[in-house]
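Residue numbers (the working numbering), protein chains in the order written: chain A, 191 to 454; chain B, 748 to 1080.
Beta carbons are placed, not taken as given, at the ideal position from N, Cα and C, and that holds for glycine.
Reviewing the structure listed below.
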Amino acid sequence: MKSKYFSVFKVFSKNLMAYRAEIALDAVFYMLSSLVMVVVWIAVYHFSDLTSISGITISSMTVYLFAIGSIGFLSWPGVANVLESDMRSGEIASSLIRPIKYPYATFVREIPENLIFSFAGTLPIFIIIYIIAGLHLTAMQVVMLIIEMVLAYLIINFIGFIIGSLAIYITDIYGILSGVTWAFSLLGGGIMPLLLYPKLFYGILMLTPFPFLYYVPGGTFTGIIPAAQLPGLVAEGAIWALVLLLIAVVVWKRVSRDINAVGV
Amino acid sequence: MPNNMVDARDVVKSFRTYENGRGFLGSLRRKSFMKKALKGVSLNVKESEIVALLGRNGSGKSTMIKLMSGILYPDSGSVKVLGMDPWKERTELARSIGVIFGSTHPQLFWDLPPLDTFIYVREIYGISQRDYDSRLAYLKRILNIDKVYRRQTRQLSLGERMKCEFAASILHMPKIVFMDEPTVGVDLPSRIAISRAVLDLREKFGTTFVLTTHVVDDITIADRIILLDKGRKLFDGKQEELKRRFGKYAILELYFKPGANVDYPKYGALGKVFSKKDGYMGLKVNPDITKSEAFAEIFKDGSIEDYRLSEPGLSSILESTYRRIDSSKRSEK
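Here's what the structure looks like:
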């Protein structure tokens, strides 16, 4: 028998196709935010008369900003939105009556959208930047980058799942999610490379899961992070993903008893 | 196979709920309190039975359905469905039960045709292609959905959607089906089709049904009625028994001659007046009224052109039952 979760993936992929035009527009407008960041940094370099800041030149910065912009397609905790919407509308009831495990299905439901963004957004942008900026990645760096992207996806969505579970108690988590997403950008290198932060702060941040959301994959792609550091970083990211998974499991076990499935 | 498809004992379930105060400031300060949706309900459902769970809004019907289908976890008491604990063995139990939540929690994918949901159901329940084809053919015929199940769900009428929801919940041929207000807002032909399908499934496959509804026509197919009110079970028995217990009256309708000088108080003394219009009076009376002297007396002045004595309908019985509950609670206070 084919996996039940593959069926979940298939049907949600098909359902998503009803909104293909909206997804394309989302992608276009999303990339505009990277453009804004690039303009801001060009101004910073121009008016400060610096050719590099902490060893990062304006061209590296531009590449980095476009790279993290395209990574950002995948660094959105969509699982949290699914949980909130299911709790708020009570539609979680419709999922719980099927012989599937709700948390797994929630993750699988998000994959089609992320795959579309990966292949229609992230990948082409990466290729364009790669060619225009004349980057050179070794095979090992490419493999590490792919693993890092998967880890970024898992970490953000495990955190999203933990936050989304709060919707059982407070229903509207939009404010929390919005704040947390901004914090992730700031602490994860989604606004600028973490190297530009004070050394101590940078050192502390590198011990948290946040750099794996933007800085590590963005830094790998642009070469800001030396290749020799990548295996260690990937191992650390994997440990964080595992820790967050365990927390998500414990949280779900606790909160699932309090589901009321009433809806609005 | 346990004979008791459902065995619930002393089930208690509470929810935290909120209440806003008056005005704008009141909306900023809300009080939270625990609401007991079920206060120790016990019930059982036998194989191939059709049981209607009745009660007003907030009586605990939907909570009971959600507990039996494993969505909710009881605070105390125990629920067993097909011998399993619905919450602890939810995914396993889900293979043997079907659940329909009316239009509130749809199972059909809104942007896809119901056919895609049917295929999804086939895959996640591991239904063989042969069984799927024959079951779908049967459901298409009995529910009359042949012309609609390939159209996008969002384009279907509520009745068409509900019939397809029903089909999506039945395709895996569950042993027991929980239906939570499946016909709210649904047109008459669709309601009839669903009721017919319920009876047919019970007859052909021995399927057990537990349904909650406010639609009296739906109740008529039930073998047994369980009446809930404010989280407590008030009645558990057959419709006839409900009528005997709560419907010990008849409806007497009097039609007066045009232009007759009617002494309304005199007729009102026969029972409790529930409707009075020009030339018409409706009363709730003792069923034996026609044998009484008082009844013979009213014909003497020649004002009555016609009369009709009938048994109260189920909706009247339920209404008077709810009224009786409310008045007894008021007098207790």
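Please tell me whether Ile-261(A) and Thr-312(A) are closer than 8 angstroms, where the distance is taken between their beta carbons.
Yes, they are a contact pair.
Which of the three DSSP states, helix, strand or coil, is assigned to Leu-327(A)?
In the structure shown, Leu-327(A) sits in coil (DSSP, three-state: anything other than H, G, I, E or B).
Quick one: what's Ser-825(B) bridged to in DSSP?
Answer is Arg-756(B).
Could you check whether the Cβ of Asn-450(A) sits closer than 8 angstroms to any Cβ belonging to chain B?
Answer yes: the Cβ-Cβ gap between Asn-450(A) and chain B drops below 8 angstroms somewhere.
Leaving out five residues on either side along the sequence, give the residues of the same chain with a beta carbon under 8 angstroms from the beta carbon of Ile-1072(B).
Result list for Ile-1072(B): Asp-976, Leu-981, in chain order.
Using a Cβ cut-off of 7 angstroms, which residues of the region 825 to 843 of chain B contact any Cβ in chain A, in chain order?
Listed by position along the chain: Arg-837, Thr-838, Ala-841, Arg-842.
Going by CA-CA distance only, name the one from Thr-1037(B), Ala-915(B), Ile-889(B) that's closest to Ala-940(B).
Considering only alpha carbons, the answer is Ile-889(B).
Output needed in chain order: residues of the region 850 to 883 of chain B with a Cβ under 7 angstroms from some Cβ in chain A.
Against chain A - using a Cβ distance shorter than 7 angstroms - the residues of the region 850 to 883 of chain B are Thr-851, His-852, Pro-853, Gln-854, Phe-856, Asp-858, Leu-859, Asp-863, Tyr-867, Glu-870, Ile-871, Tyr-872, Gly-873.
Mind checking whether Gln-899(B) and Asp-927(B) have CB atoms under 8 angstroms apart?
Their beta carbons are not under 8 angstroms apart, which means Gln-899(B) does not touch Asp-927(B) by this criterion.
According to the neighbour-count rule (16 or more other Cβ atoms, all chains shown, within 10 Å of its Cβ), is Pro-383(A) buried or exposed?
Label assigned to Pro-383(A): buried.
Under a Cβ-count criterion, where at least 16 other Cβ atoms within 10 Å of its own Cβ denotes burial, should Ala-1097(B) be classed as buried or exposed?
No answer is possible for residue 1097(B): it lies beyond the span of chain B, which begins at 748 and ends at 1080.
For Ile-998(B) and Lys-1024(B), which I take to be in contact (beta-carbon distance under 8 angstroms), what is that distance rounded to the nearest angstrom?
Actually they do not touch by this definition, with Cβ atoms about 15 angstroms apart.
Just how far apart, CA to CA, sit Tyr-387(A) and Tyr-254(A)?
One C-alpha to the other measures close to 16 angstroms.
Going by CA-CA distance only, name the one from Ile-232(A), Phe-309(A), Val-218(A), Trp-442(A) that's closest to Tyr-359(A).
For the residues Ile-232(A), Phe-309(A), Val-218(A), Trp-442(A), the minimum Cα distance to Tyr-359(A) belongs to Trp-442(A).
Under three-state DSSP, which class holds Ala-1016(B)?
Three-state DSSP puts Ala-1016(B) in coil, outside helix and strand.
Considering only residues of the same chain and omitting the five flanking positions on each side of Ala-417(A), which have a CB-CB separation below 6 angstroms?
Answer for Ala-417(A): Gln-331, listed in chain order.
Determine the DSSP secondary structure at Arg-278(A), reduced to helix, strand or coil.
Three-state result, Arg-278(A): helix.
On the DSSP bridge list, what partners appear for Ala-997(B)?
The partner list for Ala-997(B) (beta bridge, DSSP) reads Val-1032(B).
Gly-984(B) bridges to which residues according to DSSP?
Ile-972(B), per the DSSP bridge assignment.
Starting from Asn-791(B), trace the beta strand (DSSP E) both ways and give me its first and last residue.
Where Asn-791(B) is concerned, the enclosing beta strand (DSSP E) stretches over 777 to 793.
Taking the C-alpha atoms as reference points, what is the distance between Leu-377(A) and Ala-217(A)?
Taking the straight line from one Cα to the other gives about 23 angstroms.
Tell me, please, whether the CB atom of Lys-194(A) is closer than 8 angstroms to any CB atom in chain B?
Yes, its Cβ sits closer than 8 angstroms to a Cβ of chain B.
For a test of your reading of the model: does the CB of Met-396(A) fall under 7 angstroms from any non-hydrogen atom of the ligand HEM? Yes or no.
The ligand HEM is absent from the structure shown, which contains no ligands of any kind.
Buried or exposed: Val-454(A), going by 16 or more other Cβ atoms within 10 Å of its Cβ?
With a pLDDT of 40 at Val-454(A), under the threshold of 50, the predicted position of this residue should be treated as unreliable, though the coordinate-derived value follows. Exposed is the call here.
Starting from Gly-768(B), trace the beta strand (DSSP E) both ways and give me its first and last residue.
Looking at the DSSP string, Gly-768(B) is not in any beta strand (DSSP E), and its letter there is neither H nor E.
Please return the same chain residues whose Cβ sits closer than 7 angstroms to the Cβ of Ile-968(B), not counting the five positions on each side in sequence.
The residues are Ile-797, Ser-942, Val-945, Leu-946.
Could you check the C-alpha separation between Ser-275(A) and Ile-282(A) for me, to the nearest Å?
Spanning the two alpha carbons is a distance of roughly 9 angstroms.
Taking C-alpha atoms, which residue in Ile-381(A), Val-272(A), Leu-367(A) lies nearest to Glu-300(A)?
Closest option to Glu-300(A), Cα to Cα, is Val-272(A).
When burial is assigned at 16 or more other CB atoms within 10 Å of the CB, is Lys-194(A) buried or exposed?
Lys-194(A) should be labelled buried.
Identify every residue that forms a DSSP beta bridge with Asp-1053(B).
DSSP, once it has assigned bridges, lists Tyr-1002(B) as partnering Asp-1053(B).
Going straight from the alpha carbon of Leu-775(B) to that of Gly-768(B), what length do you get?
Each residue's alpha carbon lies about 8 angstroms from the other.
Determine the DSSP secondary structure at Asn-450(A), reduced to helix, strand or coil.
Of the three classes helix, strand and coil, the one that applies to Asn-450(A) here is coil, per DSSP.
Straight-line CA distance for Ser-279(A) to His-852(B)?
Rounded to the nearest angstrom, the two C-alpha atoms are 8 angstroms apart.
What runs of the alpha helix (DSSP H), each 4 residues or longer, lie entirely inside the region 341 to 414 of chain A?
Correct list: 357 to 360, 364 to 378, 389 to 395, 405 to 412.
At least one CB of chain A closer than 8 angstroms to the CB of Leu-814(B): is that the case?
Output row for Leu-814(B): interface = no.
Give the straight-line distance between the Cα atoms of Lys-303(A) and Ala-323(A), rounded to the nearest whole angstrom.
It is worth fixing the name first, because residue 303(A) is Glu in this sequence and not Lys. Taking the straight line joining both Cα atoms gives about 28 angstroms.
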